[in-house]
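Colleague: Pasting in a structure now, in structure tokens, and then I'll have a few things to ask.
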Ligand code: GLN
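In this note's numbering, the protein residues as written are 485 to 679.
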């Protein structure tokens, strides 16, 4: 089971490190032909407009949309969450549109660029998850198939829709493996079981 980590821009190395700590093989994805080798994909944080532009330039945009629709599990963090969204408040920027969520970019205010918070996440259990938010989006609205997994100040910051998982924060930065493990166990493993 190889996990692809989209490596066009942003925090992809940190995801690779967490995957290594989970005992899972990862591959940096920059070419469409590499997509054949992976059983799931992580879209890291960075800048969503840049990631959208680069996905087109590297001819990865359409194949990822197609594979996502056909069953590829995808985990998007921060800008990756924005890429997964069906709707981006006040913006027509390119997005994969695979999750039935409406999101707002830079939603926690520009004055506080980044902050940390402890999140209670029942789905992963244990201690609160130390979440790092960096110019973070949040989810304004979810479709009926979307499960809300965590909120912060009453805003949705972690959600799952079947094999898709979206986090508004950066779970790859704190060394806590629980959310990556959740993705691997619930979105990837379960999905493979069904096939
Ligand atoms: N603000 C960025 C965007 O809108 C996301 C920030 C991040 O990924 N840390 O794309």
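We put the beta carbon where it would ideally sit given N, CA and C, even for glycine.
Here's the rule: buried if 16 or more other CB atoms are within 10 angstroms of the residue's CB, otherwise exposed. What is residue 567?
Modeller: Taking the first residue of the chain shown as 1, we reach residue 567 at position 83. Buried, because 16 or more other Cβ atoms sit within 10 Å of the Cβ of residue 567.
Colleague: Touching or not, the region 629 to 649 and the region 604 to 620, by the rule of three or more beta carbon pairs under 8 Å?
Modeller: Taking 8 Å as the limit for Cβ pairs, the verdict is that the region 604 to 620 does touch the region 629 to 649.
Colleague: Taking 7 Å as the cut-off, is the beta-carbon of residue 563 closer than that to any non-hydrogen atom of the ligand GLN?
Modeller: For the purposes of this step, residue 563 is taken as the residue at position 79 of the chain shown. Within the cutoff, so yes.
Colleague: Is residue 614 near the ligand GLN - that is, is its Cβ less than 7 Å away from at least one heavy atom of it?
Modeller: For this step, residue 614 is matched to residue 130 along the chain shown. Every heavy atom of the ligand GLN is 7 Å or more from the Cβ of residue 614, so no.
Colleague: According to DSSP, simplified to helix, strand and coil, what is residue 662?
Modeller: For the purposes of this step, residue 662 is taken as the residue at position 178 of the chain shown. Correct three-state label for residue 662: helix.
Colleague: With 16 as the cutoff for other CB atoms within 10 Å, does residue 583 come out buried or exposed?
Modeller: The residue labelled residue 583 in the question sits at position 99 within the chain shown. Residue 583 comes out buried.
Colleague: Have a look at 673, 670 and 662 and flag the residue whose alpha-carbon is nearest the alpha-carbon of residue 506.
Modeller: Residue numbering aside, residue 506 sits at position 22 when the chain shown is read from its first letter. Looking at the Cα atoms, 662 is the closest of the given residues.
Colleague: Can you tell me the Cα-Cα spacing of residue 551 and residue 544, whole angstroms?
Modeller: If you number the chain shown from 1, residue 551 lands on position 67. If you number the chain shown from 1, residue 544 lands on position 60. Rounded to whole angstroms, residue 551 to residue 544 spans 11 Å at the Cα level.
Colleague: I think residue 671 touches residue 559, with their Cβ atoms under 8 Å apart; what is that distance to the nearest whole Å?
Modeller: Translated into positions along the chain shown, residue 671 becomes position 187. Translated into positions along the chain shown, residue 559 becomes position 75. With 8 Å as the limit, residue 671 and residue 559 qualify as a contact, their Cβ atoms being about 7 Å apart.
Colleague: Beta carbon of residue 705: closer than 7 Å to some heavy atom of the ligand GLN?
Modeller: Here the chain covers residues 485 to 679 and nothing more, so residue 705 does not appear.
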